[in-house]
Structures are given as C-alpha cells and as structure tokens.
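*Asks:* Residue numbers (our numbering): 2 to 453.
Even glycine gets a Cβ: it sits at the ideal position worked out from N, Cα and C.
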Amino acid sequence: MIDLRTFLENAKQAGPDSFLEIKERHDIKFEVCALLAQLEKQRRAPVLLFSDLNTLGGSPSPFPLLTNTFASREACALALGLPAEKNGLDLVLEFQRREAERIKPLVIGRKDAPVKEVIAQPNLHALPILTHHLEDKGPYLTMTWSAKDSESGVYNSSFHRCYVRDERHLVMFFERRHLWEYYLRAERRDESLPVACVIGHHPSYYLANCALTGIEVDEYESIGGIMGEPLRLVPSETFGERLLVPADAEMVIEGRILPHERDVEGPFGDFTGYYGPPTESPIVEITAITHRRDAICMDIFVGHREHALLGAIPKEGSIYRKVQNVVPTVTAVCLPVSGTGRFHCYISIAKRAEGEAKLAAMAAFTASELIKHVIVVDQDIDVYDEAQVLWAVATRVDAATDVAIIDRVKGSRLDPVHPGKDWGSKMIIDACRNEEISFPGRITTADYKKEI
Ligand code: MN
C-alpha cells in the first residue's frame with residue numbers, strides 16, 4: 002500500500018539532490034516560498050520538508066509541511082515507480098498505461114483509517130498554511146478537493162486555490178470544469194455541496210488529479226488506476242457515507258460549498274506566473290478536520306516549476322492518446338515548463354501524409370482546453386529539448402502556410418491575454434518538413450572513436 006510516507010522513504014534514500022529537510026524556523030508568510038524561489042534560481046529542485054513552521058494562529062505548528070514535491074520530471078518519474086532518468090516519453094507512456102486502468106476503491110472502517118487518528122476542531126488557523134507571493138490576498142490552501150455529484154453519484158477530485166478568509170471559511174476559485182458543474186447542480190436546488198480537501202497523499206494521487214478524465218469518470222477509480230492499487234476510502238465525519246474521503250491521507254478538511262453566497266478571493270499568483278485578478282467566488286464552510294497523529298501537511302509552490310509539471314505530465318499522457326487516435330505514428334508529447342505546463346504543446350510525429358501535423362494539433366486542442374499554441378515536429382526532434390523544437394520552427398516553418406490561427410475558442414480564465422474571459426485564439430505551428438519540396442538532409446559528423 003502506498004501513501005505519502007512510502008514516497009518519502011524513497012525520496013530520502015535518493016539523497017540531498019532529491020530531498021531536503023529544513024529544520025530551521027521559517028515563517029509561513031513569504032519565507033518558505035522565498036527559500037523555494039532561491040533554490041529554483043540555483044536550478045535545484047529537491048522535495049522540501051519544513052519541520053519548524055508557525056500556524057496561521059501564530060503558535061508553533063505541530064505539523065511539518067512538504068512542498069516542491071513535483072518540481073522535476075525526475076521526481077514525477079520516481080512517483081510513478083520509474084527510474085529518475087525515464088522522465089520523458091517513458092513517463093508519458095507509463096502514465097497513459099495506468100490511466101487506461103480503473104481500479105475500484107475499497108471502503109474501510111473508521112478504526113482502520115490513519116486519517117481518523119485525530120478528530121480535530123474545524124479551525125484553519127491551527128494549520129501552517131502558506132502565503133506564497135508578495136501581492137497575494139493572503140494565505141491559500143493549494144491542494145485537491147473531493148466531491149460527489151448528487152445526480153450521477155460519481156466522484157470528482159481536482160486542485161482548487163482557496164483563500165483562507167477566517168478560521169472556518171475559505172473562498173474557492175474555479176475554472177468552469179467538473180467541480181463547478183457539481184456545484185451548479187447543487188446550487189440550483191438551493192443545496193450546499195459537501196467537499197473534502199485532501200492534504201498529504203502519495204504523489205501519484207495528485208498526479209492522477211491532473212489527468213484529463215471526463216466528467217462521467219469516477220476519479221476515485223481513475224486515481225486507483227494511476228496509483229496501481231485500490232484507493233482506500235472512509236466515511237467523512239460530517240457527511241458519513243454520502244462523502245467518502247481517502248483513508249490514508251495525512252489530513253482531510255471537510256466542509257460544504259454554500260449556495261448563492263460569494264466573496265472576494267485574489268489577487269493570487271497562479272500558474273501563469275502572473276497575479277490572477279480578484280474574483281467573486283463561492284465560500285466553503287469548514288465543518289471538520291481529521292488527521293494522522295503526526296500528520297505532514299502539503300502544499301504546491303504555485304506559479305513555479307512544480308505547478309507547471311503537475312499540470313503537464315498527466316495531461317501529456319492523455320494528449321498522446323487523443324493524438325494517437327488520428328495520427329497513430331505520434332512519437333512524443335510535451336507540455337513544456339516554459340509554457341506554464343499548459344499553454345504550449347510540442348508533438349512529434351512520424352509524418353506519413355501532408356496535413357497530419359495540423360490534425361495532430363487539433364486532437365491536442367480537444368484533449369486540453371488550456372492549450373493555446375501547438376508546435377508539431379518530425380520524429381527526429383526531441384520534444385523534451387526545447388532548443389531542438391525551436392530549431393525546427395526556425396528551419397522548417399514557412400509562416401504563410403504552416404501557421405494556422407483559430408479565433409474564439411475556450412481556454413483558461415487565467416490567461417492574462419484575455420482578462421475576464423475564458424476564450425481566445427489558438428495557434429498551430431506545423432514545423433514538420435514539407436513533403437512537397439525536397440528538403441536538405443541534416444548535417445552529420447563522423448563518430449569519434451578515440452578517447453578524449
Ligand atoms: Mn474531473
């Protein structure tokens with residue numbers, strides 16, 4: 002059985018490049034993220050465990066905090082049980098293989114559930130919740146939320162940024178996707194929506210959250226598929242069997258999203274690398290917190306490498322599969338960190354016919370609405386090496402015929418190019434060799450046979 006602790010054991014054994022415990026006192030407001038940003042400048046991406054933090058209430062935190070868990074493709078490969086160096090196409094294909102498998106969850110009793118060791122007061126100020134960026138409105142919870150659709154009975158699980166308004170209330174930002182739909186369905190009946198924030202689970206749990214599953218898919222089953230074992234669930238304190246929560250999490254925060262009420266959240270530094278503007282968003286009323294006796298809290302360093310990779314790697318597998326449906330000779334897919342792990346998509350194909358590149362790009366757009374620009378290259382280009390991709394654009398593109406723009410397509414609410422709207426234009430760059438002209442061969446050198 003895997004949980005956050007089994008992952009941490011492996012990460013610790015991988016050495017200080019992969020895992021660092023920070024034992025000195027750090028302030029949850031700004032200081033933790035200042036250290037993270039400093040490491041990023043040094044191009045270091047270890048998983049970080051802060052063991053001496055304060056709580057929002059100002060007292061020493063009984064909980065350490067884990068962050069930067071997804072900050073390298075190597076760490077994400079390890080999380081899926083692959084060797085660190087298999088972090089390109091191997092990782093995409095492994096994710097895709099696991100995504101195709103759904104495993105039904107296993108419901109267990111409260112007494113067997115580690116997350117029920119302590120039933121705590123519903124007080125957010127007892128937790129070490131970070132304030133990330135200088136102009137953020139305040140502290141934000143950044144982990145995933147579980148909810149059950151009252152109509153279909155299907156579970157959704159997804160990341161949502163939540164502003165901590167006070168001890169008992171959060172203001173939750175939504176992209177208009179699955180949880181938003183669940184919420185609207187409940188709100189139309191003037192009902193609140195039971196939800197639970199899952200803090201501290203195996204990284205594969207969170208990677209699974211970012212896969213492009215359809216709204217009809219039970220995400221506790223798809224998470225089990227990605228984790229490679231049934232997800233153990235237990236009834237929530239507040240809602241009982243009506244909302245099952247992960248039994249092996251470090252901590253679960255239960256609550257309900259209130260109908261018809263809104264408050265302001267934001268600004269908040271989000272995945273785009275910009276401050277998202279304030280929004281009028283729904284309010285979550287906290288009803289219970291349960292946790293392990295020695296629980297480890299968890300956070301995402303939003304707007305930075307781990308946020309990009311968390312958004313990228315799970316989607317690469319889904320996009321690969323969608324592209325493969327129309328261009329079976331697709332060879333790799335990458336959502337590069339430079340494109341926020343979401344807005345840019347590089348696809349390589351073994352092109353067999355003119356037009357396949359644009360077809361591959363169109364399939365990618367239908368896989369993820371967040372993609373803005375797709376660059377399609379031939380299979381001799383390594384899509385995980387950005388310099389090669391841009392060389393292909395420089396040397397294989399004739400803009401008048403190889404660039405296509407489609408206006409007014411749904412995208413992200415957070416795209417700073419079209420503030421306040423979630424639609425804009427998409428661009429395809431076909432950077433494959435044109436079959437209609439005789440393209441020169443790539444320059445080659447002889448193999449060097451002597452010792453240097
Ligand atoms: Mn979903």
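Taking only runs that begin and end inside the segment 400-448, name each unbroken alpha helix (DSSP H) of 4 or more residues, in chain order.
*Replies:* 400-403
*Asks:* Considering only C-alpha positions, which residue in the set Pro231, Val108, Ser339, Leu194 is nearest to Thr239?
*Replies:* Leu194
*Asks:* Once the 5 residues before and after Leu415 are set aside, which same chain residues still bring their CB inside 6 Å of it?
*Replies:* Asp271, Thr273, Gly277
*Asks:* Among all residues, which have a Cβ less than 6 Å from at least one non-hydrogen atom of ligand 1, and in what chain order do they fall?
*Replies:* After applying the 6 Å Cβ criterion, the set is Asn157, Ser159, His179, Thr214, Glu220.
*Asks:* Which residues bound the alpha helix (DSSP H) around Tyr183?
*Replies:* 179-189
*Asks:* Closest by CA to Asp150, which one among Ser158, Met144, Thr143?
*Replies:* Ser158
*Asks:* I need the straight-line Cα distance from Ile350 to Phe344, nearest angstrom please.
*Replies:* Take the alpha-carbon of Ile350 and the one of Phe344: they are about 20 Å apart.
*Asks:* Considering only the beta carbon of each residue, do Arg162 and Val303 sit closer than 9 Å?
*Replies:* yes
*Asks:* Alpha carbon to alpha carbon, how far is Leu83 from Pro260?
*Replies:* 44 Å
*Asks:* Taking DSSP's pairing of strands, which residues face Glu286 in a bridge?
*Replies:* His170, Arg257
*Asks:* Let's test the definition: count the other Cβ atoms within 10 Å of the Cβ of Met2 and tell me whether it reaches 16, buried, or not, exposed.
*Replies:* Looking at its Cβ environment, which holds fewer than 16 other Cβ atoms inside 10 Å, Met2 is exposed.
*Asks:* Indicate whether the contact test is met: 3 or more Cβ pairs, each with one atom in the segment 363-374 and one in the segment 314-332, closer than 8 Å.
*Replies:* yes
*Asks:* Bridge partners of Thr396, per DSSP?
*Replies:* Partner(s): none; Thr396 has no beta bridge.
*Asks:* Looking at the structure shown, is Thr274 part of a helix, part of a strand, or coil, going by DSSP?
*Replies:* Before going on, a small fix: residue 274 reads as Gly here, not Thr. Three-state DSSP puts Gly274 in coil, outside helix and strand.
*Asks:* Mapping DSSP to helix, strand and coil, what is Gln139?
*Replies:* Note on identity: in this sequence residue 139 is Gly, with Gln being the wrong assignment. Reduced to three states, the DSSP call for Gly139 is coil.
*Asks:* Hey, how far is the Cα of His179 from the Cα of Ala405?
*Replies:* 30 Å
*Asks:* State yes or no: is the C-beta of Asn88 within less than 9 Å of the C-beta of Cys77?
*Replies:* yes
*Asks:* Pull up the distance between the alpha-carbon of Leu90 and that of Asn11, whole angstroms please.
*Replies:* 23 Å
*Asks:* Could you give the residue range of the beta strand (DSSP E) that holds Val334?
*Replies:* 331-335
*Asks:* Residues in the same chain with beta-carbon distance under 6 Å from Ala72, minus the five sequence neighbours each way, listed in chain order, please.
*Replies:* The beta carbon of Ala72 sits closer than 6 Å to those of Ala46, Arg306, Glu307, all from its chain and outside the five residues before and after it, given in chain order.
*Asks:* What residue does the alpha helix (DSSP H) around Pro204 start on, and which one ends it?
*Replies:* 204-210
*Asks:* For Lys316, which residues does DSSP report across the bridge?
*Replies:* Residue pairing by DSSP leaves Lys316 without any beta bridge partner.
*Asks:* In terms of residue numbering, what span does the alpha helix (DSSP H) encompassing Leu92 cover?
*Replies:* 90-100
*Asks:* Would you call the segment 124-140 in contact with the segment 48-58, where contact means no fewer than 3 C-beta pairs closer than 8 Å?
*Replies:* Enough Cβ pairs lie closer than 8 Å, so yes.
*Asks:* Mind checking His133: buried by the 16 CB within 10 Å criterion, or exposed?
*Replies:* buried
*Asks:* Do Leu92 and Leu81 have their C-beta atoms within less than 9 Å of each other?
*Replies:* Yes, Cβ-Cβ distance for Leu92 and Leu81 is below 9 Å.
*Asks:* What span of residues does the beta strand (DSSP E) with Ile350 cover, start to end?
*Replies:* 345-350
*Asks:* If you count every other CB in all the chains shown that lies within 10 Å of the CB of Val285, and 16 or more means buried, which is it?
*Replies:* buried
*Asks:* Sorted by chain position, which residues of the same chain lie with C-beta nearer than 7 Å to Ser62's C-beta, five sequence neighbours on each side aside?
*Replies:* Leu54, Asn55, Thr56, Pro129
*Asks:* Going by the beta-carbon positions, is the gap between Val331 and Ala248 smaller than 9 Å?
*Replies:* no
*Asks:* In this structure, does DSSP put Cys452 in helix, strand or coil?
*Replies:* Before going further, note that residue 452 is Glu rather than Cys in the sequence given. In the structure shown, Glu452 sits in coil (DSSP, three-state: anything other than H, G, I, E or B).
*Asks:* Could you say which of Glu136, Ser153, Arg169, Met173 lies nearest to Thr145 if we only look at CA atoms?
*Replies:* Met173
*Asks:* What do you reckon, are the CB atoms on Val165 and Val253 nearer than 9 Å?
*Replies:* no
*Asks:* Assign Phe51 to one of three DSSP states: helix, strand, or coil.
*Replies:* Three-state DSSP puts Phe51 in a strand.
*Asks:* For the alpha helix (DSSP H) that contains Arg74, what are its first and last residues?
*Replies:* 74-80
*Asks:* Roughly how far, in whole angstroms, is the beta-carbon of Tyr275 from the beta-carbon of Pro417, given that I think they are within contact range, below 8 Å?
*Replies:* 5 Å
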